[in-house]
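For reference, the structure discussed in these notes is given below.
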Amino acid sequence: MTSTRRSLLKTTAGLGATAGAALLGACATAQSGYGSAGSPLFSLPAVTVPIVGSNSTFPVRRIYCIGRNYRAHSIEMGSNPDREPPFFFQKPTDAIQYVAPGTVADHKYPTLTKNYHYEVELVAALNKGSGGKKIEIDQALDLVYGYALGLDMTRRDLQRALGDEKKPWEIGKSFDQSAPIGPIHPVSNIGHIGKAGIWLKVNGNIKQNANLSQMIWSVAEQISKLSEAFELFPGDIIYSGTPENVGPVVRGDVIDCHIDGLPNLSVKIV
Ligand code: MN
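When we follow numbering that gives the first Met the number 0, the leftmost residue of the sequence shown carries the number 0, and every step to the right adds one.
Pasting the structure below:
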């Protein structure tokens, strides 16, 4: 019995050593594989947004969005605007749908929803931020390269249902083409936008109508707060929240968005 156990142990130890050596060999092979100068199996399209007055385009690294950043919108979403610290979520970078000024882009009604909502927002685009951690509020605007007009399109029914179930509302917010955006206007041309009218019309009827000065957390404060959670880099863009009176659209509706000083952004739901 004892000898059997010992021989078993011996055998196992032997197997262990052999398996270990084999694993090391596999690792070494894999490592030398990683070290070789391979080319990607396929290339991915870069996500870029045109820049007004420039031949360059703005490469998008990450899309951050702030939630409930206007008092009246926070209330309509069932939150307490006085107590809530800012919170953020992301959309996938390729959720960008570029919309050229003066055009009406077809925007596909997405799958899975019966309550598809618009949210008009100012977008800030960052071009500095290497080492962009814990950025002070009074230095935060130095990171902003420019601004754009954007839509944070939302499958509201899914966002609400998943939130009610305490599940991530990822598919309510972070889906294909959920981030229509106009061109980026460099700060060097238009300065910083602090106080400006922002509105959205559906089929010519005004739905959202507010002022950027009504943000609970300013763009500078958003950048500062965001940089506590993430190191910010050039190419990051921030959707800065939507005012009150978000609402649904259906196929055939035309959405017109506006921020004072920027050309309008228009999409047709198809
Ligand atoms: Mn939003």
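No residue lacks a Cβ here, since even glycine has one placed at the ideal position from N, Cα and C.
On a predicted model such as this, the values are computed, not experimentally measured, just so you know.
Please report the distance separating the alpha-carbon of residue i from that of residue j.
i	j	result
Asn54	Glu164	47 Å
Pro109	Asn79	30 Å
Asp252	Val201	7 Å
Lys272	Lys107	Residue 272 is absent from the structure shown; the chain starts at 0 and stops at 269.
Glu118	Leu142	25 Å
Glu258	Gly162	Residue identity check: residue 258 is Ile in the sequence provided, not Glu. Spanning the two alpha carbons is a distance of roughly 30 Å.
Phe86	Ile192	22 Å
Asp133	Pro233	Per the sequence shown, the amino acid found at residue 133 is Lys instead of Asp. Taking the straight line from one Cα to the other gives about 16 Å.
Met214	Gln221	10 Å
Leu121	Pro39	36 Å
Glu135	Ile189	23 Å
Glu230	Lys224	11 Å
Asn126	Ala219	14 Å
Val245	Leu140	28 Å
Ser42	Gly131	29 Å
Ala36	His116	46 Å
Compare the C-alpha of residue i against each of the options and name the closest.
i	options	result
Asp175	Thr47, Asn68 and Lys90	Lys90
Asn204	Leu121, Arg70, Lys113 and Cys256	Cys256
Gly260	Gly181, Phe229, Val248 and Gly240	Gly181
Asn210	Arg60, Lys224, Thr241 and Ile237	Thr241
Pro84	Tyr117, Pro247, Glu227 and Val248	Glu227
Ala160	Tyr69, Pro233 and Leu111	Leu111
Lys206	Arg155, Asp137 and Pro247	Pro247
Pro262	Leu140, Glu243 and Leu199	Leu199
Glu243	Asp235, Pro100, Asn208 and Ser217	Asn208
Ile236	His116, Arg154, Asp81 and Ile65	Ile65
Who are the Cβ neighbours of residue i in its own chain at under 8 Å, not counting the five residues just before and after it?
i	result
Val158	Per the sequence shown, residue 158 should be read as Gln rather than Val. So the qualifying residues of the chain are Trp168, Gly171 and Lys172.
Ser265	Val98, Thr102, Val103, Ala104, Val253, Ile254, Asp255 and Cys256
Ala178	Ile62, Lys90, Ala94, Ile95, Gln96, Gly149, Leu150, Asp151, Met152 and Tyr238
Thr92	Val46, Val59, Arg60, Arg61 and Ile62
Pro185	Ile50, Val51, Gly52, Ser53, Tyr144 and Gly145
Pro100	Gly181, Pro182, Pro262, Asn263 and Leu264
Cutting at 6 Å between CB atoms, please list the residues of its own chain near residue i, excluding the five before and the five after it.
i	result
Arg67	Ser73, Met76 and Ser78
Ile183	Val48, Ile50, Phe57, Ala124, Gly145 and Ala147
Ala27	Note that Ala27 scores a pLDDT of 45, beneath 50, so its modelled location is shaky; the value from the coordinates is reported in the next line. Closer than 6 Å at the Cβ level, and outside the excluded window around Ala27, lies no residue.
Leu22	Per-residue confidence for Leu22 stands at a pLDDT of 41, beneath the threshold of 50, marking its modelled position as unreliable; the derived number appears in the next sentence. So no residue of the chain qualifies.
Ile268	His106, Tyr108, Val248, Arg250 and Asp252
Tell me, which residues are paired with residue i by DSSP?
i	result
Val103	Ser265
Arg154	Tyr115
Phe86	Gly66
Trp198	Asn208 and His257
His184	Tyr146
Between which residues of its own chain and residue i is the CB-CB distance below 7 Å, once the five residues before and five after are set aside?
i	result
Ser212	Gly193 and Lys194
Ala25	Residue placement at Ala25 cannot be trusted, given a pLDDT of 45 that sits under 50; the coordinates are not used to answer.
Asp156	Thr112, Lys113 and Asn114
With respect to 7 Å, is the separation between the Cβ of residue i and the closest non-hydrogen atom of the ligand FAD below this value?
i	result
Arg155	Ligands in the displayed structure: the ligand MN; the ligand FAD is not one of them.
Mind listing which residues have their beta carbon within less than 6 Å of any non-hydrogen atom of the ligand MN? Chain order is fine. Cys64, Glu118, Glu120, Asp151, Tyr238, Gly240 and Thr241
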